[in-house]
Amino acid sequence: MRKAMAALGATLLLTACGGADGGGAGGGGDQIRVTLVQGLAGEEFYETMACGARARAAELGVALDVQGPQKFDPTLQTPIVNSVVAGGPDALLIAPTDVKAMIAPLTQAKQQNIKIILVDTVVEDQSIGLSRISTDNLKGGAAAARALSEQVGGKGKVLVISTDPGVSTVDARIKGFEEEVAANHPGLSYLGVQYSHNDVGEASRIMNAALAKDADLAGVFATNLNSATGAGTALQQTGKLGKVKMVGFDAGPAQVEQLKDGVVQALIAQLPGDIGAKGVEQAVAAVRGQQVTPSIPTDATIVTAANVDRPEVRKVLYKAGC
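The opening residue of the sequence shown carries number 1 in full-length UniProt numbering; numbering runs sequentially from there.
What follows is the structure, encoded as structure tokens:
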């Protein structure tokens, strides 16, 4: 998803396979230059997004650079954006790490006539982002509620573990989950949401504390990869596997392993590769003065132990590199 300018060198992580990788296409000074700023460098969701962006950039002859902070944190992402703006690319694809805090640095980019495309997450200022490309997270959260309700037999206490408030994607997942539970699942007792700050250890601590407080906890919805990983570790350590059902969001390698091991009963996989590819397409259109699509929702796939090995499902699982 996610302080000081002097710390830029320590917090900036280039994750491109060779830096600015436009696929070797020519174009000289006319070649479109695009930078993708991930929400979190190294996380499988954003690495899969980068792979999709790289592949499309190579096809279109675009010079693509990929950068990202080491934590999903606006204080780490802001200096990266400032550095990118100083370099003057034609377009910026970015997954903002906070709906408010990233407005100021992105406004600076906009003032430099850098075309901004928001991928995965957004900011509150609707004037920022010529195109916004994201999973329909409201529907994803509702799907998670339905899946969890089915797993727990439609009754019992359920908990949400998320990252931080102010992250547009997970906020929408929580809202979708809560609305679905309130509207259609009267047998579920919703215990609310707790925030792990996108830290696996903190998610594990939250899960352990929840189990200590509510021994009859029936289920948990983990809104992202690290929340699910931490919660799953706690379930394993406390012998609650199969007793407390879990639905996770995202489908990184660790989560797929958890699915196969019975730690989670269902995963909701996004299509980050498609998000990255569509982001490059919209960036190129914007730079060329062509029509840009303001909002592009992408699909999600429900992954279970029964379908995880099917070819059509395996292709949507996240990867650590291209």
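Just so you know, even glycine gets a beta-carbon here, dropped at the ideal spot from N, CA and C.
Under the three-state DSSP convention, the category residue i falls into
i: glutamate 47; result: helix
i: residue 346; result: Past the edges of the chain, shown from 1 to 322, lies residue 346, and the structure says nothing about it.
i: glycine 239; result: coil
i: arginine 56; result: helix
i: aspartate 65; result: strand
i: aspartate 21; result: Legend: pLDDT at aspartate 21 = 40, less than 50; position of this residue unreliable, no value from coordinates given.
i: residue 376; result: Nothing can be reported for residue 376: it is not among the residues displayed for the chain, which extend from 1 to 322.
i: arginine 288; result: coil
i: isoleucine 114; result: coil
i: phenylalanine 177; result: helix
i: threonine 163; result: coil
i: glycine 232; result: helix
i: valine 191; result: It should be noted that the sequence gives leucine, not valine, for residue 191. Strand.
i: valine 308; result: coil
i: isoleucine 302; result: strand
i: isoleucine 133; result: strand
Where the alpha helix (DSSP H) through residue i begins and ends
i: serine 295; result: Looking at the DSSP string, serine 295 is not in any alpha helix (DSSP H); the run it does join, the beta strand (DSSP E), is 295-298.
i: alanine 97; result: The question names alanine, but residue 97 is threonine in the sequence shown. From DSSP, threonine 97 is part of no alpha helix (DSSP H); its letter is neither H nor E.
i: leucine 138; result: 137-151
i: glutamine 255; result: 253-261
i: alanine 269; result: That residue, alanine 269, is in no alpha helix (DSSP H); its beta strand (DSSP E) goes 266-269.
Boundaries (first-last residue) of the beta strand (DSSP E) holding residue i
i: arginine 314; result: First-last for arginine 314: 311-314, but that is the alpha helix (DSSP H), not the beta strand (DSSP E).
i: threonine 121; result: Run containing threonine 121: none; DSSP gives neither H nor E here.
Integer Cβ distance of residue i from residue j, believed to fall under 8 Å
i: glycine 273; j: threonine 48; result: 5 Å
i: valine 292; j: alanine 300; result: Valine 292 to alanine 300, Cβ: 24 Å. No contact.
i: alanine 63; j: glutamine 31; result: 5 Å
Beta-carbon proximity of residue i to residue j, cut-off 8 Å
i: aspartate 261; j: tyrosine 318; result: no
i: isoleucine 128; j: leucine 106; result: yes
i: glutamine 67; j: valine 37; result: yes
i: phenylalanine 221; j: valine 247; result: yes
i: threonine 238; j: alanine 254; result: no
i: isoleucine 268; j: serine 134; result: no
i: tyrosine 195; j: threonine 163; result: yes
i: isoleucine 302; j: alanine 101; result: no
i: residue 399; j: valine 158; result: Past the boundaries of the shown model lies residue 399; the chain is included only from 1 to 322, so the question cannot be answered.
beta-carbon residue i near the ligand FMN non-hydrogen atom, thresh 7 Å
i: alanine 234; result: As presented, the structure is devoid of all ligands, the ligand FMN included, so that no description of it is given.
Cβ neighbour criterion (16 or more within 10 Å) applied to residue i
i: alanine 182; result: exposed
i: alanine 212; result: exposed
i: glutamine 111; result: exposed
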